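One structure is given below, encoded as structure tokens.
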Amino acid sequence: MIRVGRARAHTNIALIKYWGKRDKALFLPMNSSLSLTLDAFYTDTEVVFDAHLTEDYFFLNGQAQSPEETSKISRFLDLFRQETGENRNAKVTSYNFVPTAAGLASSASAFAALSLAVSEALSLDWDRQTLSTFARRGSGSSTRSLFGGFVEWQMGTGSKDSYAVPIDPADWDIGMIVLAINTERKSISSRVGMDHTVATSPFYPAWISSAKTDLEAIKEAIKHKDLVKVGQITEHNGMKMHATTLSADPPFTYFEPESIRVQGLVRHVREELGLPAYMTMDAGPNVKVLCRASDMTSLVEALAKQFPKEKIITSRPGPAAYALTEEAWLETVAVFEASDE
Ligand code: 2P0
């Protein structure tokens, strides 16, 4: 007998960043974080538990993955197997719908989609919060991708209460523009970067207290649908996170020369057009701009005067992760194969 589950999860961009773990094995964060789920980028995943399989298999974007990548998925599936008594091996098939030019990490959508697909396959009746505590063990930011709109990952007191909760559906005038800055340089992974920062930056305690204040302030601003406030807090919080990398020992940064130029461009366009447009950056060189959805066309037009238009991607807020029917899954495979030709 086989058991099959399929799910889609959208990626998210943190407005209040997750930066540091207090427990690396359990992926417990040093601070609570808050994100916006994005409509434009997502992962679709199918998991098949099958007694005939002699080991786990993992296919990503049509390619069989290395033993190393597959064992990461196996260890993640083991968490569910241990909890439920399921003992079959599984075949996991995933497709990432993240424009290659975007250069966005997809671990958030990947582990959220896999968690929900497993939950579907095994008919688990867990609530989303519990599921997000499992997703967390694959990648911290994936807790937030199980939900849509604005989402808070509460740091919790232990493993059982460190999960994400939806804060607001973001069904107001909200958009995000991604300015994709490609780079040859392989950046330091967020996992390594955050550990190094926690261990060595003398500014880290200030980051923690500041992130707490920012989180309360942004939740208040979201409640009032005050996009200017939300944007100002987002921009300040992101820069504070990056300041902790510059103060680590040895220091490092995710900023590329082009990132700094684009930061200036965003400020220039904001002032020139008099529109709310606030930037944030993650563990890579790309710049993301929080703005009103209704302003995206004029902002893109202004940004495109000094940045390649084909590397500007716009998105609206995205929904919570959801199960896919077999029909929807076949459509996913067909769409991917057509785009891959
Ligand atoms: C965030 N980032 O809140 C922060 C801001 C990057 C910068 O979450 O080690 O891939 O798998 O828990 O989730 C990226 O970190 O790290 C991230 P792990 P993850 O979005």
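So for the sequence shown, my numbering puts the first residue at 32; every next one is plus one.
Ideal placement from N, C-alpha and C gives every residue a C-beta, glycine not left out.
These numbers were taken from a predicted model, which means no experiment stands behind them.
Beta-carbon proximity list for residue i, same chain, < 7 Å, skipping 5 on both sides
i           : result
residue 335 : 343
residue 338 : 210, 293, 296
residue 248 : 264
residue 359 : none
residue 239 : 61, 62
residue 333 : 300, 303, 304
Beta-carbon proximity check, residue i vs residue j, cutoff 8 Å
i           : j           : result
residue 101 : residue 69  : no
residue 320 : residue 310 : yes
residue 138 : residue 170 : yes
residue 348 : residue 180 : yes
residue 173 : residue 143 : yes
residue 206 : residue 105 : no
residue 80  : residue 39  : no
residue 95  : residue 108 : no
residue 153 : residue 117 : yes
residue 231 : residue 280 : yes
residue 290 : residue 259 : no
residue 214 : residue 287 : yes
residue 324 : residue 158 : no
residue 371 : residue 51  : no
residue 149 : residue 78  : yes
Presumed contact (8 Å Cβ cut-off) between residue i and residue j, rounded CB distance
i           : j           : result
residue 147 : residue 123 : Not a contact, Cβ separation roughly 13 Å.
residue 151 : residue 36  : 3 Å
residue 63  : residue 48  : Going by Cβ atoms, the distance from residue 63 to residue 48 rounds to 11 Å, so no, they are not a contact pair.
residue 253 : residue 199 : 5 Å
residue 322 : residue 306 : 7 Å
residue 234 : residue 135 : Not quite, the Cβ-Cβ distance comes to about 27 Å (not below 8 Å), so this is no contact.
Close beta carbons around residue i, own chain, < 6 Å, minus the five adjacent residues each side
i           : result
residue 367 : 126
residue 178 : 195, 197, 351
residue 218 : 285, 315
residue 433 : No statement about residue 433 is possible, as the shown extent of the chain runs from 32 to 372 and does not include it.
residue 45  : 64, 66
residue 163 : 174, 177, 194, 195
residue 84  : 120
residue 34  : 80, 152
residue 266 : 309, 310
residue 128 : 73
residue 185 : 63
residue 187 : 193
residue 221 : 314
residue 111 : 149
Cβ shell of residue i (< 8 Å), same chain only, five flanking positions each side left out
i           : result
residue 32  : 82
residue 330 : 208, 300, 304, 306, 308, 320, 322
Requested in this report: Could I get the ranges of all uninterrupted beta strand (DSSP E) runs contained in the stretch 310-349, with 3 residues as the minimum, in chain order?
Outcome: The qualifying runs are 318-322, 343-346.
Report task. Only counting runs of 4 or more residues, tell me where the alpha helix (DSSP H) segments fall wholly within the stretch 135-174, in order along the chain. Result -> Listed in chain order, they are 138-152, 159-167.
Requested in this report: May I ask you to verify whether the stretch 75-94 touches the stretch 264-273, counting CB pairs closer than 8 Å and requiring at least 3?
Outcome: Because the criterion of three Cβ pairs below 8 Å is not met, the stretch 75-94 and the stretch 264-273 do not touch.
Query raised in the report: So does the stretch 273-283 actually touch the stretch 221-237, counting three or more Cβ pairs closer than 8 Å?
Result: Yes: the two stretches touch, three or more of their Cβ pairs being nearer than 8 Å.
Query raised in the report: Any contact of the stretch 237-244 with the stretch 188-205, i.e. 3+ C-beta pairs under 8 Å?
Result: The stretch 237-244, when compared against the stretch 188-205, does not touch it at the 8 Å Cβ threshold.
Query raised in the report: At a cut of 8 Å, does the stretch 54-62 reach the stretch 159-177 through at least three beta carbon pairs?
Result: Counting Cβ pairs under 8 Å, three or more are found: they touch.
Query raised in the report: Whole alpha helix (DSSP H) runs in the stretch 241-282 with 4 or more residues, listed along the chain?
Result: For the stretch 241-282, whole alpha helix (DSSP H) runs of length 4 or above, ordered along the chain, are 258-277.
Query raised in the report: Which ranges would you report for the beta strand (DSSP E) in the stretch 34-91 if only whole runs of at least 3 residues count?
Result: Listed in chain order, the complete beta strand (DSSP E) runs (minimum 3 residues) inside the stretch 34-91 are 52-54, 64-81, 88-91.
Requested in this report: Could you tell me which uninterrupted beta strand (DSSP E) segments, each at least 3 residues in length, are contained entirely in the stretch 182-219, listed from first to last along the chain?
Outcome: Listed in chain order, the beta strand (DSSP E) runs fully inside the stretch 182-219 are 195-199, 206-210, counting runs of at least 3 residues.
Report task. Any chance you could list the alpha helix (DSSP H) runs of at least 4 consecutive residues sitting entirely within the stretch 89-121, in chain order? Result -> The qualifying runs are 98-115.
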